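Everything below concerns the one structure shown next.
Numbering (my numbering), first residue to last: 131 to 381.
Structural data, given as structure tokens:
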């Protein structure tokens with residue numbers, strides 16, 4: 131109904147942030163304009179990954195609303211979760227690669243805008259020839275707080291915040307799991323995995339005491355050796371000849 135009433139609209143290129151352009155659309159039969167507008171924007175973003183609306187609808191149903199959501203997880207994980215939607219792993223991989231490209235483009239665009247329009251010092255340079263109305267356009271876009279609410283809801287110590295060392299550690303462990311361990315689960319020997327080699331990393335309580343207290347390197351080495359000492363050694367010994375001497379070494 132909406133597209134029949136607005137035949138001239140190009141969903142892939144229409145600017146739904148332009149309030150003036152949105153007011154000129156025919157919203158007849160649609161009770162909640164804002165909810166429907168946000169839904170159209172989700173489809174618009176996903177159709178840039180794959181031109182099929184049914185694919186976009188299923189991706190939304192699985193929690194993927196934009197290229198950023200897709201590129202935020204490892205490629206192998208996205209393919210495993212969505213190859214049935216695309217019909218093949220090859221098509222899912224192609225969509226993932228498009229998502230990575232879009233994320234890179236958005237990142238570069240943000241950096242350029244932040245260093246030019248977002249900087250009062252850059253705007254004060256007379257030789258910086260910005261197009262007329264560009265600053266007003268981006269100033270009219272919703273801010274981070276407009277989209278996600280106030281950001282001062284967590285009054286806590288730095289060691290408990292998402293910007294503290296403990297949070298950084300959790301993120302590093304997540305990256306190792308998603309991009310190293312999981313993709314190579316069939317090729318990394320069990321005794322070579324991070325959990326096997328550094329069991330203490332998985333048992334360490336993320337308290338402020340553990341976050342802020344410095345630990346001597348030798349203590350970490352001793353703990354690793356103790357953990358390794360609990361692992362049974364099962365190696366096959368073989369005799370080799372080295373410079374005329376028979377010695378025994380693990381095979």
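All C-beta atoms, glycine included, are put in the ideal place defined by N, C-alpha and C. Because the structure is a prediction, the values reported are computed rather than measured.
Of the residues the options, which one's Cα is nearest the Cα of residue i?
| i | options | result |
| --- | --- | --- |
| residue 163 | 177, 175, 178 and 146 | 146 |
| residue 182 | 168, 170, 216 and 202 | 216 |
| residue 133 | 150, 157, 148 and 151 | 157 |
| residue 357 | 205, 184, 139 and 331 | 331 |
| residue 288 | 339, 323, 346 and 249 | 339 |
| residue 268 | 213, 242, 254 and 282 | 242 |
| residue 144 | 166, 168, 165 and 174 | 174 |
| residue 225 | 204, 343 and 239 | 204 |
| residue 387 | 324, 319 and 285 | Summary: the structure shown does not reach residue 387, with the chain confined to residues 131 through 381, and so no result is reported for it. |
| residue 333 | 191, 239, 300 and 344 | 300 |
| residue 236 | 201, 251, 214 and 142 | 201 |
Could you tell me the distance, in whole angstroms, from the CA atom of residue i to the CA atom of residue j?
| i | j | result |
| --- | --- | --- |
| residue 296 | residue 171 | 36 angstroms |
| residue 273 | residue 294 | 24 angstroms |
| residue 180 | residue 221 | 9 angstroms |
| residue 370 | residue 329 | In this prediction, residue 370 has a pLDDT of 49, which is less than 50 and means its spatial position is unreliable; what the coordinates show is noted afterwards. Distance between the alpha carbons of residue 370 and residue 329 is about 34 angstroms. |
| residue 229 | residue 271 | 23 angstroms |
| residue 160 | residue 312 | 45 angstroms |
| residue 245 | residue 347 | 42 angstroms |
| residue 279 | residue 195 | 19 angstroms |
| residue 259 | residue 314 | 50 angstroms |
| residue 223 | residue 212 | 9 angstroms |
| residue 359 | residue 352 | 10 angstroms |
| residue 317 | residue 326 | 15 angstroms |
| residue 290 | residue 152 | 43 angstroms |
| residue 335 | residue 298 | 14 angstroms |
| residue 184 | residue 176 | 11 angstroms |
| residue 309 | residue 136 | 44 angstroms |
| residue 139 | residue 155 | 9 angstroms |
| residue 355 | residue 349 | 10 angstroms |
| residue 148 | residue 193 | 26 angstroms |
| residue 206 | residue 227 | 12 angstroms |
Quick test of your reading: residue i and residue j, contact by CB under 8 angstroms. State the CB separation rounded to the nearest angstrom.
| i | j | result |
| --- | --- | --- |
| residue 247 | residue 265 | 5 angstroms |
| residue 178 | residue 232 | 7 angstroms |
| residue 209 | residue 197 | With a Cβ gap of about 15 angstroms, residue 209 and residue 197 do not count as contacting. |
Worksheet item: Enumerated in chain order, which unbroken segments of the alpha helix (DSSP H) with a length of 4 residues or greater are wholly contained in the stretch 195 to 254?
Response: 197 to 201, 205 to 216, 219 to 246 and 250 to 253
Fill in: Uninterrupted alpha helix (DSSP H) stretches inside the stretch 263 to 304 (no shorter than 4 residues)
264 to 269 and 274 to 278
Worksheet item: Quick one: complete alpha helix (DSSP H) runs, 4+ long, within the stretch 133 to 208?
Response: 149 to 153, 163 to 176, 183 to 191 and 197 to 201
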